[in-house]
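Reading through the structure tokens given below for one structure.
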Amino acid sequence: MARSSALKEKNETYHHPMRGTMMDMGKMLKKRRVVLLIIATLIVGGSVFGFWGFNRGKAEAEYITREIQRGDIIKSISATGTIQPLVTVQVGSQVSGTIAALFADFNSVVKKGQIIAKLDPAIFQAQLEQARANLAHAEAAVRSAESAVANAQANVLAAEANKERARVAMEDARRVLRRTLELQKTLVVSQRDLESAQAAADQTAAQYRQAVAQLEQAKAQLLAAKAQLVQAKAQVKQARAAVRLASVNLSHTIIRAPIDGVVVARNVDVGQTVAASLQAPTLFLIANDLTKMQVLADIDEADVGQLSPQSRVTFTVDAYPRDTFHGRIAQLRLNPQTEQTVVTYTAVIDVDNPDLKLKPGMTANVTVIVAERRNVLKVPNAALRFRPSLTPEQRKRVAALLHRGDRSPGSPRASGSGDAPGRPSGDDSSAAGRSALHSSSAAVVAQRWPRAFRATRRPAPPSRDRGDHSLPGTAATSATIPGWSPARPERPQARIIWVLDDNHQLKPVRVTLGITDGVYSEVIDGQVKEHDLVVVGQTINPDEAAQRPSSPFGGPFGRRRRR
1 MARSSALKEK NETYHHPMRG TMMDMGKMLK KRRVVLLIIA TLIVGGSVFG FWGFNRGKAE
61 AEYITREIQR GDIIKSISAT GTIQPLVTVQ VGSQVSGTIA ALFADFNSVV KKGQIIAKLD
121 PAIFQAQLEQ ARANLAHAEA AVRSAESAVA NAQANVLAAE ANKERARVAM EDARRVLRRT
181 LELQKTLVVS QRDLESAQAA ADQTAAQYRQ AVAQLEQAKA QLLAAKAQLV QAKAQVKQAR
241 AAVRLASVNL SHTIIRAPID GVVVARNVDV GQTVAASLQA PTLFLIANDL TKMQVLADID
301 EADVGQLSPQ SRVTFTVDAY PRDTFHGRIA QLRLNPQTEQ TVVTYTAVID VDNPDLKLKP
361 GMTANVTVIV AERRNVLKVP NAALRFRPSL TPEQRKRVAA LLHRGDRSPG SPRASGSGDA
421 PGRPSGDDSS AAGRSALHSS SAAVVAQRWP RAFRATRRPA PPSRDRGDHS LPGTAATSAT
481 IPGWSPARPE RPQARIIWVL DDNHQLKPVR VTLGITDGVY SEVIDGQVKE HDLVVVGQTI
541 NPDEAAQRPS SPFGGPFGRR RRR
């Protein structure tokens, strides 16, 4: 019994290592099957994904396209400006003083001549009284001078009488002296009588000379009296002017509204002292009529040449972002404004403000419409900048197509465009314009731009009158407005765009373009129509797509590369 159990235990002990090894081998086989299954799955999945990635890489050799649409194109200029009343008057004080009373405040509606403020008049009243007293003193001096003139005139008359009496006495003494001399020859008179007659003649002659001198003195005194009278009268005039000045200064203590309008600003209060020593201090700011406003817009120097009096103007303000206001250009000021090397010119835009929504000082976001086209074909500007990457065979095919198109009758050819496929011409010269306009586009251009079309058909000599090249109706109006030079129309230009045909192949098309709004350009003529697909970009280079090996596992090695 004990032996059999021992043998059994021995047998169990002998078979135990083999059994463990077989179990380990089974586990290893299971793990190997799992690994092989995973590897097979990865290989199959990688092959499938690589094949999909390879086909996807081929499919991605595509072009980014946009449809040619029909719609409106509006070419505009953007600017900012400040809203101001048409007439703004600064009401000041011509005299210094203290504000005694105010009769107007902010937003007060005033009439011309209405009293809006008063200064303390005490000083000016005293000055007026002093001036009046000086006038009275001057008038009294005039009366005194007039009396002096009358007295001098009487003295002249008396002197003239004395002169005449002295002359008569002198002549009588001379006659007596002559008779005495004759009698003395006959010894009838004595020597004593002769000497007495001679003395009398000399004395009367001296008295005459004295009378003449007294007369001249009296006349001089008369002239002096008259001069004093003139001076007194001038002093009277000066005194009267001083009275008027004092009266005017007194009247200036009453501040009146110079125009009908609204008080926009009030800069003083009662009791405040204003000094008008160097310049008149501003008391009020009055706007004439707020129903008529103007926008002072700063136009860049590069855009000034596109403005005309017929340009439509719209603008918005931050206070009413949903409202669009309309205006008209009234003036283009010649004075340039330079700030940090940026030169702008001020355009004055008249605006109606019946609802009084627009307030002085508001900032206006101005849009000036310089040209617009309605319901025309338009092509994205990105298509004009597109330059395709072509394979050598495609380049040869495109070159042959362009060569055949250039040799065909009436085919458009732009300078420099046929040599480099896809390169925009960008030449605005008349030669490029003439070569770009073929028979089908000539009629459209001649109808829309008659003068520009004539300029492209023949060389135009230099002309001093730039109005010959202006838009219809612009030259005559611009000539009457100082500061305006007629806006020159944009000449049509020929460009090449690339479209996709029915076989999904690139096809160059030459088009004639008109105005542009920066995003789309007007198509005047060309072998395109609405809904045609025009190429604006390329997702991948076809040469690289054909030569680059694809990873069978896809992933980042087959990732699409944007251009």
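If you read the sequence shown in the numbering used here, its first letter stands for residue 1, the second for the next number, and so on. Ideal Cβ positions, reconstructed from N, Cα and C, are used throughout, including at glycine. Only a predicted model underlies this, so the values are computations on that prediction, with no experimental measurement involved.
Spatial distance of residue i from residue j (CA atoms)
i	j	result
T186	R167	30 Å
G113	I83	27 Å
N162	A133	44 Å
A211	A152	16 Å
Q306	H504	41 Å
A40	Y63	38 Å
E522	P492	10 Å
Q184	Q214	37 Å
A224	A126	35 Å
E164	A173	14 Å
D318	T324	11 Å
Q203	S196	11 Å
A242	L250	12 Å
R70	P258	57 Å
K219	V156	6 Å
S108	L285	11 Å
S190	R175	17 Å
E331	A364	This sequence places Gln at residue 331; Glu is not what is there. Rounded to whole angstroms, Q331 to A364 spans 17 Å at the Cα level.
A138	L128	15 Å
L229	Q217	18 Å
V536	V342	34 Å
Which of helix, strand or coil DSSP assigns to residue i
i	result
R134	Residue 134 is actually Asn in this sequence, not Arg. Three-state DSSP puts N134 in a helix.
S78	strand
I99	strand
V376	strand
F124	helix
N155	helix
K112	coil
I68	coil
G361	coil
K396	helix
L42	helix
L36	helix
E195	helix
R333	strand
E139	helix
R387	coil
E339	strand
Status (buried if at least 16 other CB within 10 Å, exposed otherwise) for residue i
i	result
P412	Its pLDDT being 41, under 50, P412 is placed unreliably in this model, and the coordinates cannot settle the point.
P392	exposed
Y320	exposed
I299	buried
I369	exposed
A159	buried
Q590	There is simply no residue 590 to check, as the chain begins at 1 and stops at 563 in what is shown.
S144	exposed
L356	exposed
V110	buried
P472	Because P472 carries a pLDDT of 38, less than 50, the predicted location of this residue cannot be relied on, and the following value inherits that uncertainty. Classification for P472: exposed.
F315	buried
D502	exposed
V248	exposed
Proximity to residue i [Cα-Cα], best of the options
i	options	result
R495	R510, L36, V156 and V189	R510
Q90	H326, V264 and L128	V264
D269	P258, L283, T253 and A275	L283
L135	A239, G271, N249 and L183	A239
L572	I254, P309, L358 and R256	Absent from the structure is residue 572, since the part of the chain shown begins at 1 and ends at 563.
A104	P360, R266, L250 and T367	R266
A79	L229, A371, V313 and V376	V313
A371	S311, V230 and A150	S311
A287	G361, L181, A200 and L334	G361
T291	V317, G261 and P309	G261
K378	R178, L533 and A227	L533
P281	R32, T98 and L37	T98
A201	D501, V351, R178 and S251	R178
A101	R333, L285, Q272 and L332	Q272
L384	L222, P508, M293 and L334	P508
E530	N375, E139, N353 and V188	N375
T65	Q527, L500 and Y520	L500
V351	Q527, L42, A122 and D289	D289
Open item on the list: Below 8 Å, how does it come out for the region 61-76 and the region 512-526: are there three or more Cβ pairs, yes or no?
Closed with: Touching, yes, given that three or more Cβ pairs across the two stretches are closer than 8 Å.
Open item on the list: Closer than 8 Å is the cut-off here; do at least three beta carbon pairs connect the region 116-124 with the region 193-209?
Closed with: Contact between the region 116-124 and the region 193-209 is absent, because fewer than three Cβ pairs lie under 8 Å.
Open item on the list: Tell me whether the region 274-293 and the region 90-99 touch, counting them as touching only if at least three CB pairs, one residue from each stretch, are closer than 8 Å.
Closed with: The region 274-293 vs the region 90-99: in contact.
Open item on the list: Whether or not the region 338-351 and the region 288-303 are in contact is what I'm after, with contact meaning three or more pairs of Cβ atoms, one per stretch, closer than 8 Å; do they touch?
Closed with: Three or more Cβ pairs closer than 8 Å define a contact, and the region 288-303 meets that threshold against the region 338-351.
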